[in-house]
Every structure is written in structure tokens, then in C-alpha cells.
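Everything on this sheet refers to the single structure shown next.
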Amino acid sequence: MDTKKFIEKKIKEIKRTVGSEKAISALSGGVDSSACTVLAARALGKQLRVIFIDDGLMRENEPREVKKTFADLGIKVEVLNYRKRFFAALKGKTDPEVKRRAFRNTFYKVFGKEVLKSEARFLIQGTIAADIIETKGGIKTQHNILEQIGIDPQSSFGYKVIEPIKTIFKPQVREVARALGLPEKTYKRMPFPGPGLCTRVVGEVTPKRVALVRHATRIVEEEIASLKPFQAFAVLLNDKGTGVEKGKRKFGEIIVVRSVESKDAMTAEPTKVPWPILIKISRRVIKELPTVTRVVYELTSKPPATIEYI
Ligand code: XMP
47 MDTKKFIEKK IKEIKRTVGS EKAISALSGG VDSSACTVLA ARALGKQLRV IFIDDGLMRE
107 NEPREVKKTF ADLGIKVEVL NYRKRFFAAL KGKTDPEVKR RAFRNTFYKV FGKEVLKSEA
167 RFLIQGTIAA DIIETKGGIK TQHNILEQIG IDPQSSFGYK VIEPIKTIFK PQVREVARAL
227 GLPEKTYKRM PFPGPGLCTR VVGEVTPKRV ALVRHATRIV EEEIASLKPF QAFAVLLNDK
287 GTGVEKGKRK FGEIIVVRSV ESKDAMTAEP TKVPWPILIK ISRRVIKELP TVTRVVYELT
347 SKPPATIEYI
């Protein structure tokens with residue numbers, strides 16, 4: 047792919063599609079939506095409003111860091127706190143697809159509201175080729191894929207979705223992000239799913255359970271970073287296991303450590319993490335998160351497993 051030409055073409059396309067109207071970019075901080083946001087900002091300047099929905103399902107310090115990265119590029123990001131709304135939508139839900147749907151519907155409603163309020167007519171989203179293939183193949187329901195699954199966002203929600211990078215895969219997206227001047231920490235960033243930590247909490251998604259998996263994720267990311275895996279994170283299971291503390295038995299949470307190698311997330315292999323790193327993660331998780339009694343390492347490839355847990 048000729049990255050420079052791709053960028054020029056997309057900027058022209060966005061300009062032509064939006065015309066003199068206003069657009070909103072749905073920024074999540076990941077490489078996909080970051081690349082899209084810079085493309086749109088280059089195409090639209092002041093006609094673009096960049097919104098970061100704080101759904102309460104992000105990794106530690108995410109909203110603040112994203113704001114700073116874009117401020118450095120001269121792009122203003124509005125962080126909107128909708129945490130309560132997302133947790134309310136997820137309350138009591140345990141089925142993976144029901145949780146994904148609850149997330150997706152909340153995401154679109156919240157965005158629809160913001161887009162209408164701002165009088166924008168277009169929503170820019172970082173859907174990539176793998177998202178479309180997997181949703182069509184029935185592997186999952188992506189939150190960012192309304193049109194592909196036959197829902198017309200114009201009649202359902204009152205605006206149009208523009209997906210500038212839906213024809214390319216992750217490695218090309220990284221090239222585009224780099225060429226657009228995003229910093230290395232963004233274009234080399236591990237993929238993070240749209241529904242956030244929701245995909246790493248098996249069972250009900252509550253603020254408390256998310257806080258637990260968020261902290262465990264930081265530990266995994268810190269300890270595994272030197273191996274530069276495709277993706278590494280923690281998962282909270284919906285089961286418990288017995289542990290001992292000060293001579294007493296206690297029934298505690300189980301954290302799964304997942305680290306995978308992959309090119310495009312369509313297939314993946316577990317990372318061969320050196321034993322001392324795994325042991326260090328386990329010790330840190332148990333020490334820093336007292337409700338956890340067990341830490342396990344996940345050995346399954348994709349397929350048959352998926353990368354995320356829901
Ligand atoms: P799975 O778990 O299906 O994930 O093997 C493949 C890749 O996609 C990411 N992922 C998502 N990304 N919205 C996204 O934007 C989603 O709903 C979603 N679900 C999974 C996952 O992190 C992995 O990189």
C-alpha cells in the first residue's frame with residue numbers, strides 16, 4: 047500500500063462527503079480511531095468535533111493521556127463522562143453477546159445524542175477490515191459496525207457513519223498513524239477493543255469488577271511490555287478458587303493472564319512468556335489485589351479461542 051496516497055485519498059473523500067456540514071470523531075485512543083481522527087482533522091479543520099466517551103471501561107489514565115497526545119498535535123479532544131450510563135446498561139447482564147449489544151446500543155445512543163446536539167451530520171469511526179470480516183462471519187457483534195449488519199444509522203439514529211480505514215488491516219493502520227505524525231506510543235499501541243474492559247470481565251460488569259481487572263491489566267502490561275507482544279492483558283473470571291491467608295481459607299477471584307502473538311488478530315498464538323515474568327505477575331496480582339487468590343496463564347490459540355474473553 048502507498049501510505050501517502052492512501053492518506054491523500056481519504057482526506058479528499060472525507061472533505062467531499064462532509065461538504066460544509068459538521069462531523070464528529072469518535073476517539074477511543076486506540077490506533078484505529080486515532081488515525082481516523084487525525085485524517086478527519088486534516089480534512090475538516092474546525093468542522094470537526096473530537097469526542098472521547100469515557101465509558102468507565104478504559105485502562106488506567108486513558109482519558110487524560112489521550113487528551114494530551116492530541117493536544118500535542120493541535121487537536122482538541124472533549125472528554126465526556128458517561129460511566130454511569132454504561133454501567134447501568136450492563137447491570138445484571140452476563141451473556142457475552144447481550145453485554146456487547148448493551149455496550150453498542152449505549153455507545154450509539156450516547157453518540158447520537160452528542161451528534162444531534164452539535165448539529166453534526168456525520169460520525170467518523172475507526173472500523174477496520176478485520177472488524178467487518180469477523181462480524182459478517184458471525185464470530186462477534188462489533189459495536190462499530192451498524193451498517194454492515196443491516197442497520198441504517200441514518201434512520202435509526204439520525205446521522206451517517208464514515209469509516210475511512212475500513213478497507214485496511216492493523217499493520218497498515220499503524221503505517222497510516224505513523225505517517226500522520228502520531229507518536230510511537232500510539233501507532234505501536236496494542237489493540238484495545240471498542241467495548242473496553244467489558245470484554246475482559248466474564249459475568250456481570252460492575253464498577254468494582256472493572257476496577258479489579260483494570261489494575262491487573264496494568265500489572266500485566268508493565269511486566270510483559272519488554273516482550274512487545276501483539277496484545278497482553280488480564281481477565282477476571284466469573285468463578286472463584288480457594289486460597290489461604292494467615293492460616294485461613296478464603297474463596298477468592300481468579301485472574302487470567304492472556305498474551306498473544308498475531309499479525310492481524312484474525313489468528314493468534316499464546317506468547318512464550320518466560321517463567322520468571324509469569325511468576326512476578328502472579329505475585330504482584332496477589333499482593334496488590336487482595337481479593338484475588340489465583341492467577342492462571344492462558345494457553346489457547348485463536349482459533350479455536352478468540353483473543354478476548356467475551
Ligand atoms: P477477538 O477477541 O475476537 O478479537 O479474537 C480480535 C481483535 O479485535 C479486538 N476486539 C475488538 N475491537 N471492537 C473493537 O474495536 C470490538 O468489539 C472488539 N472485540 C475484540 C481484540 O482486542 C483483538 O485485537
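The letter at position 279 of the sequence shown is residue 325 when you use this note's numbering, and the numbering goes up by one with no holes.
Where is the CB? At the ideal position from N, CA and C, for every residue including glycine.
- Exposed or buried, I325, counting other C-beta atoms within 10 Å across all chains shown (16 or more means buried)? Start at 1 with the first residue of the sequence shown, and residue 325 comes out as number 279. With fewer than 16 other Cβ atoms within 10 Å, it is exposed.
- Helix, strand or coil: which one does DSSP assign to K274? Taking the first residue of the sequence shown as 1, we reach residue 274 at position 228. Here K274 sits in coil by DSSP.
- Message: Any heavy atom of the ligand COA closer than 7 Å to the beta-carbon of E180?
- Response: For the ligand COA, the structure offers nothing, since it holds only the ligand XMP.
- Could you tell me if G76 is buried or exposed, where buried requires 16 or more neighbouring beta carbons within 10 angstroms of its beta carbon? Within the sequence shown, residue 76 is the residue found at index 30, counting from 1. Around the beta carbon of G76, 16 or more other beta carbons lie within 10 angstroms, which makes this residue buried.
- Message: Quick check for students: name the residue ranges of the beta strand (DSSP E) that lie wholly in the segment 62 to 90, counting only runs of 3 or more.
- Response: If only complete runs of 3 or more residues are kept, the segment 62 to 90 shows the beta strand (DSSP E) at 69 to 72, in order along the chain.
- Tell me the start and end of each unbroken alpha helix (DSSP H) in the segment 86 to 138 that is at least 4 residues and wholly inside, in chain order. 108 to 118 and 129 to 136
- Task: Using the DSSP secondary-structure output, state which residues sit across from V341 in a beta bridge.
- Result: Walking along the sequence shown from the start, residue 341 turns up at place 295. Its beta-bridge partners are I301.
- Residues that DSSP places opposite R255 in a beta bridge: Position 209 of the sequence shown holds residue 255. Beta-bridge pairing links R255 to no other residue.
- Would you be able to state if there are at least three C-beta pairs under 8 Å between the segment 301 to 314 and the segment 332 to 352? yes
- Label V207 either buried or exposed according to how many other C-beta atoms from any shown protein chain fall within 10 Å of its C-beta, with 16 as the threshold for buried. In the sequence shown, counting from the first residue as 1, residue 207 sits at position 161. Buried, since its Cβ has 16 or more Cβ neighbours within 10 Å.
- Using only the heavy atoms of the ligand XMP, determine whether one of them is closer than 7 Å to the beta carbon of K348. Within the sequence shown, the letter at position 302 stands for residue 348. Yes.
- Query: Do the segment 108 to 123 and the segment 263 to 271 make contact, defined as three or more Cβ pairs closer than 8 Å?
  - Reply: no
- Item | Run of the beta strand (DSSP E) containing V207, from where it starts to where it stops | Here residue 207 is taken as the residue at index 161 of the sequence shown, counted from 1. K206 to I208 is the extent of the beta strand (DSSP E) around V207.
- Inter-stretch contact (C-beta, 8 Å, three-pair minimum) for the segment 220 to 240 and the segment 72 to 86: yes
- CA-CA distance, I60 and K212? Numbered from 1 along the sequence shown, position 14 holds the residue referred to as residue 60. Numbered from 1 along the sequence shown, position 166 holds the residue referred to as residue 212. Roughly 13 Å separates the two Cα atoms.
- Message: Using only the alpha-carbon positions, how far apart do I195 and T245 sit?
- Response: If you number the sequence shown from 1, residue 195 lands on position 149. If you number the sequence shown from 1, residue 245 lands on position 199. Note on I195: pLDDT 43, under 50, position unreliable in the model; the coordinate value appears next. Take the alpha-carbon of I195 and the one of T245: they are about 20 Å apart.
- So which of R329, R340, R131 and V251 has the shortest CA-CA distance to P142? Residue 142 sits at position 96 when you count from the first residue of the sequence shown. Comparing Cα positions, the closest option is V251.
- Query: For A223, which residues does DSSP report across the bridge?
  - Reply: As a first step, residue 223 must be located in the sequence shown, where it is residue number 177. Per DSSP, none; premise fails for A223.
- Message: Could you compute how far the alpha carbon of L192 sits from the alpha carbon of L94?
- Response: Your numbering for residue 192 matches position 146 in the sequence shown. Your numbering for residue 94 matches position 48 in the sequence shown. Low confidence applies to L192: its pLDDT is 49, below 50, so where it sits in the model is not reliable enough to give any reading.
- Item | T152: CB within 7 Å of a non-hydrogen atom of the ligand XMP | Locating residue 152 in the sequence shown gives position 106, counting from the first residue. Not so, every heavy atom of the ligand XMP lies at least 7 Å from the Cβ.
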